[in-house]
Amino acid sequence: MHHLYYCPGGGLGHIARAHRVMAALAPGEPYTLVSASPALRRADVRCGAGAIELPRTLERDRTAHRAWLTRLLVSLAPCCLWVDAFPAGIVGELCDFCWPRGVLAQHIARRLRWDVYCRRLDGAIPDYAAVHAVESLPALQAMVLRNCTDTVAPLELPLAWPRTPSPLAVAARVLVVHSGIPAETAALADLARRESPGTKPLVVGTDTGNPDTLQAFPVWPMFAQAERIYSGAGFNAVLEARAAPHKHRLMAFERALDDQAARLADFTRETEVRARLSTFGQQSA
Amino acid sequence: MSDPLARKRLLIVYHTQSGNTGRLAEAVLEGARDFEETETVIKPAAQAGLDDLLTAHGLLLGTPENFGYMSGMLKDFFDRTYYPAEGLTVGLPYAIFVSCGNDGSGAVREIDRIALGYRWRKVAEPIIVRKEITAADLDRCRQLGATLAAGIAFGMF
Ligand SMILES: Cc1cc2nc3c(=O)[nH]c(=O)nc-3n(C[C@H](O)[C@H](O)[C@H](O)COP(=O)(O)O)c2cc1C
């Protein structure tokens with residue numbers, strides 16, 4: 082029972098989601114991650130999973146990309162292929178793709194800027210045995226996905242997932258958690274300093290060029306001790322913030338295919354509505 | 115997590131005493147449910163509460179006209195939710211349907227005044243059905259439901 086989780090996106094977020102999905106849907110079963118992220122070379126990031134780095138050379142060559150993937154699927158013969166975030170691949174490499182015999186393909190759907198994404202497609206989205214929606218999807222995206230599967234079901238992901246023990250004993254009152262470009266991390270750190278004067282925030286991220294940045298993965302085990310956590314509004318950050326909304330401060334950053342502003346707006350509203358309902362109750366007659 | 119498939123929610127709140135507005139509400143619901151990208155919820159005004167209002171992305175309000183005004187039950191829905199919902203429903207798209215004997219304008223005017231207080235946005239002309247309900251009236255109601263359902267799903271308002 083070996084699973085293959087295809088997350089061609091470059092960021093750590095795809096990998097964190099992969100671990101969460103596997104913890105929810107295939108607990109205890111072995112899996113291999115396919116990703117373009119160099120972070121996959123780190124044992125803490127792999128959390129015990131196998132790893133296959135997607136060759137950069139495939140980025141611009143869909144035909145080669147398809148052939149590479151077909152070979153991979155045939156040789157590994159996974160019991161299930163999980164396609165993360167991009168139903169037709171990150172650059173459309175899965176358009177009109179025929180799954181090799183015996184491959185059960187399932188899609189993990191997160192919010193996409195569909196208007197931008199669909200311009201990358203030059204064929205049909207492949208059929209999926211099931212689509213699992215891990216967050217609210219825009220209407221158009223949900224509609225398209227209903228056409229490539231018989232089953233679209235919501236999937237609530239856990240905050241925690243089993244991981245290889247990492248002896249990280251650093252505790253900080255104020256955390257800045259971000260794996261984006263340095264300018265974004267700096268914006269979060271500025272906000273943290275403004276809101277907690279006199280406190281030096283601990284920055285956790287992937288910026289290897291900065292000696293003040295702690296490289297740790299996953300970061301959520303540090304949240305229990307922190308009072309304030311600053312991060313972007315990517316999928317995982319918002320999922321983590323839901324567990325303790327009062328601690329988290331999120332900032333939406335521009336991403337080609339991810340609408341962080343919409344996700345943050347939904348989260349903010351959800352938090353406000355929950356607070357209002359707990360004050361006033363349901364208020365029906 | 116709210117609805118993970120992000121079906122936006124259309125709320126129909128109505129009151130009926132002798133069944134006429136109820137028939138209009140059913141037609142509105144039928145039209146809205148034809149459009150399955152939106153989840154449509156229908157509640158008699160007495161049973162509709164703050165949670166219904168705060169989780170709605172669009173609102174259809176139905177009432178008979180009584181004494182030149184909306185029904186007491188619809189007014190009661192506003193009375194119960196106005197302050198608790200304050201600031202959280204700004205810009206909510208809404209529309210009205212009314213069943214009445216011969217006028218209907220008073221009910222529409224007063225609902226609009228209250229909606230102004232909530233700072234909702236009127237996105238369709240009201241439907242006022244005077245006296246007998248015809249098949250054409252029910253058709254207009256179906257269309258109103260479908261318009262709101264499609265409009266909120268695709269962010270057209
Ligand atoms: C107490 C009462 C007051 C009414 N006042 C008005 C009115 O001011 N203007 C009007 O056009 N119709 C008026 N009507 C007629 C109703 O609006 C009409 O019968 C309507 O279809 C009732 O809707 P329902 O069956 O949903 O209760 C009144 C009816 C009642 C019972």
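For the record, the sequence lines run as chains V and U.
Mapping of the first sequence onto the working numbering: position 25 corresponds to residue 106, and the numbering continues sequentially without gaps.
Mapping of the second sequence onto the working numbering: position 81 corresponds to residue 195, and the numbering continues sequentially without gaps.
Using N, Cα and C, we set each Cβ at its ideal position, and we do this for glycine too.
- L202(V) and L320(V) have their alpha carbons spaced roughly 29 Å apart.
- Only D347, R350, E351, E353, V354, R357, L358, T360 and F361 from the region 345 to 361 of chain V bring a Cβ to less than 8 Å from some Cβ of chain U.
- Between ligand 1 and the CB of S312(V), the shortest heavy atom gap is not smaller than 8 Å.
- Within the region 147 to 164 of chain U, the residues whose Cβ lies closer than 7 Å to any Cβ of chain V are, in chain order, E151, A160, Q161, A162, G163 and L164.
- Residue environment: L230(U) is assigned as exposed (fewer than 16 neighbouring CB atoms within 10 Å of its CB, all protein chains considered).
- In the displayed model, V222(U) falls within a helix according to three-state DSSP.
- Check the Cα spacing between G129(V) and each of A117(V), L157(V), I96(V) and L150(V): the tightest is with I96(V).
- For the pair L164(U) and L236(V), the CB atoms are not nearer than the 9 Å cut-off.
- Contact annotation, A104(V) with P302(V): C-beta distance approximately 14 Å; criterion of less than 8 Å not satisfied.
- Here the distance from the Cβ of R244(U) to the nearest heavy atom of ligand 1 is below 8 Å.
- Per DSSP, reduced to three states, the secondary structure at E134(V) is strand.
- A267(U) reaches chain V at A220, counting residues in chain order whose Cβ is nearer than 7 Å.
- Flagged as an interface residue toward chain V: T169(U), by a C-beta distance shorter than 9 Å.
- The DSSP assignment places 134 to 147, 164 to 168 and 186 to 195 as complete runs of the alpha helix (DSSP H) inside the region 131 to 216 of chain U, in order along the chain (cut-off: 4 residues).
- E134(V) is a Cβ neighbour of S116(V), given a cutoff of 9 Å.
- Chain V has a Cβ within less than 9 Å of the Cβ of L202(U).
- According to the DSSP assignment, S156(V) belongs to the alpha helix (DSSP H) that extends over R143 to L157.
- In the DSSP assignment, V126(V) falls within the alpha helix (DSSP H) that extends over A124 to R127.
- As DSSP reads the structure, P108(V) sits in no beta bridge.
- Among the bridge pairs identified by DSSP, S312(V) is matched with V258(V) and L331(V).
- Two segments are said to touch when three or more pairs of C-beta atoms, one from each, lie closer than 8 Å; by this definition the region 214 to 228 of chain U touches the region 177 to 184 of chain U.
- Contacts with chain V (Cβ-Cβ distance below 7 Å) from the region 177 to 206 of chain U involve D190, R194, T195, P198 and L202, listed in chain order.
- Straight across, the Cα-Cα distance linking A160(U) with R330(V) is about 38 Å.
- Contact annotation: L138(U) and F211(U) have beta-carbon atoms nearer than 9 Å.
- Remark: C-beta atoms of A186(V) and A214(V) do not approach each other more closely than 9 Å.
- Sorting T169(U), F192(U) and L168(U) by C-alpha distance to the C-alpha of G176(U) places F192(U) at the top.
- V197(V) and R194(U) have their C-alpha atoms some 43 Å from each other.
- Only exposed fits T360(V), as fewer than 16 other CB atoms lie within 10 angstroms of its CB.
- Each of C179(V), A337(V), V212(V) and W195(V) was checked against the Cα of A148(V), and the nearest Cα belongs to C179(V).
- Where D208(V) is concerned, there is no enclosing beta strand (DSSP E), because DSSP gives it neither an H nor an E.
- Within 8 Å of the C-beta of Q306(V) there is not a single heavy atom belonging to ligand 1.
- Looking at the backbone, the Cα of A124(V) and that of L345(V) are separated by about 31 Å.
- In the structure shown, W195(V) adopts helical secondary structure according to DSSP, grouped into three states.
- If you draw a straight line from the Cα of F268(U) to the Cα of R127(V), it is about 39 Å long.
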